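Quick note on numbering: the sequence shown equals residues 277 to 509 in our numbering.
Beta carbons: idealized from backbone N, C-alpha and C, even for Gly.
None of the values given here were measured: they were computed from a predicted structure.
Structure first, commentary second.
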Amino acid sequence: MGSFDFITFFFLIAAVVIFLQLRSVLGRRTGNERPPFDPYSPREAQSPEATDNGKVVQLPRRESTAEDESRYAAIDGFSKPGTPLNAQLRALSDADPSFQPGEFLNGAKMAYEMIVMAFADGDRKTLKGLLSREVYEGFETAIADREAKGEVVKSTFVGIEKAEIVHAELKDTEENVTVRIISQLISATYDKQGKLIDGDADSVAEVNDLWTFSRDIRSRDPNWKLIATESEN
């Protein structure tokens, strides 16, 4: 009986020692432990607040998606989702995240007025900075021909009635955007004797144009250049 009590007491002491050792290794529960992983639970059910220190780790892909949605929302304000133009603008925005249709359209309207007035005034310096080489050559030829004949153009830019993006595409690294612009202009051309030969100095004319602007997405230069013009009058 005495032997039995001694053996029982020995195992009791051993159990206490083992318990204390396990406790020192594993630590105590604090109530902040992560819940056990459940492989059958949906991934979205895993709360981000369960990470250490209560911090949420944002994955790069999730941030990119949020940025995409923000950019797409701006595009949807200019073209109806599901339309060819909307898809074109989204593709352009994917290639060039800095592209903002609102900012582009404002810049295109400013460039339109500057180009129209520079052409009327024969301002080659301004035109050269806003036009592609091919378009500039065409404008310069027309100005030189006008000057050779002694003709003078007098124009007053009244304003832009409407401007809208009608097409967008990416060709290699070139992003091209076509804008329909309806403007109001007073323009009259006089020969070297001062006789009116074209236009009307007293009436406002409506001008409908399709202008295409282009920019290389690899360039640090944020400016666009006019690469094609077409009149819808």
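{"Query": "Pull the bridge partners of S463 from the DSSP assignment, please.", "Result": "S431"}
{"Query": "When the Cα of E508 is compared with those of L486, F395, D492, M393, which residue comes out closest?", "Result": "L486"}
{"Query": "Given a cut-off of 8 Å, decide if P377 and L265 are closer than it, judged by their beta-carbon atoms.", "Result": "Here the chain has residues from 277 to 509 only, and residue 265 is not among them."}
{"Query": "Going by beta carbon distance, what residues of the same chain come within less than 6 Å of D497, once the five residues before and after it are set aside?", "Result": "none"}
{"Query": "Flag this pair as touching only if the segment 474-490 and the segment 449-456 have three or more C-beta atom pairs under 8 Å; answer yes or no.", "Result": "yes"}
{"Query": "Measure the Cβ-Cβ separation of I493 and E451 and say whether it is below 8 Å.", "Result": "yes"}
{"Query": "Looking at the strands, I want to know which residues DSSP matches up with K447.", "Result": "E450"}
{"Query": "Evaluate contact between the segment 438-445 and the segment 380-400, counting only Cβ atoms and requiring at least three cross-stretch pairs below 8 Å.", "Result": "yes"}
{"Query": "Which value, in whole angstroms, describes the spacing of the CA atoms of D478 and L406?", "Result": "29 Å"}
{"Query": "Kindly list the residues whose CB is nearer than 6 Å to the CB of S459, restricted to its own chain and excluding five residues on each side of it in sequence; keep chain order.", "Result": "I436, V483"}
{"Query": "Using 8 Å as the cut-off, can you tell me whether the segment 395-405 makes contact with the segment 347-356, which would need three or more C-beta pairs spanning the two stretches below that distance?", "Result": "no"}
{"Query": "Compute the Euclidean distance between the alpha carbons of D344 and D397, then round it to the nearest angstrom.", "Result": "43 Å"}
{"Query": "For F356, which of helix, strand or coil comes out of DSSP?", "Result": "In the sequence as displayed, the identity of residue 356 is Lys instead of Phe. Note: K356 maps to coil in three-state DSSP."}
{"Query": "Going by DSSP, what residue range makes up the beta strand (DSSP E) through K501?", "Result": "501-507"}
{"Query": "Since A371 contacts L446 with CB under 8 Å, what's their CB separation in whole angstroms?", "Result": "5 Å"}
{"Query": "Which word fits R347, buried or exposed, when buried means at least 16 other C-beta atoms lie within 10 angstroms of its C-beta?", "Result": "buried"}
{"Query": "Report all residues from its chain with a CB closer than 7 Å to the CB of E389; omit the five preceding and five following residues, and keep chain order.", "Result": "F433"}
{"Query": "Can you name, in chain order, every residue of its own chain whose Cβ lies under 6 Å from the Cβ of F375, other than the five neighbours on each side?", "Result": "L368, S369"}
{"Query": "Would a C-beta distance cut-off of 8 Å place T465 and D476 closer than the cut-off?", "Result": "no"}
{"Query": "Hey, how far is the Cα of A418 from the Cα of M386?", "Result": "22 Å"}
{"Query": "Report the option in E506, V428, V480 whose CA atom is closest to the CA atom of K468.", "Result": "V428"}
{"Query": "Under 8 Å, do A514 and S463 count as touching if we go by C-beta distance?", "Result": "There is simply no residue 514 to check, as the chain begins at 277 and stops at 509 in what is shown."}
{"Query": "Taking a contact to mean a Cβ-Cβ separation below 8 Å, would you say V411 touches T505 in this structure?", "Result": "yes"}
{"Query": "Consult DSSP for D492 and reduce its assignment to one of helix, strand or coil.", "Result": "strand"}
{"Query": "Can you name the residues that DSSP bridges to A457?", "Result": "Before going on, a small fix: residue 457 reads as Ile here, not Ala. A439, D485."}
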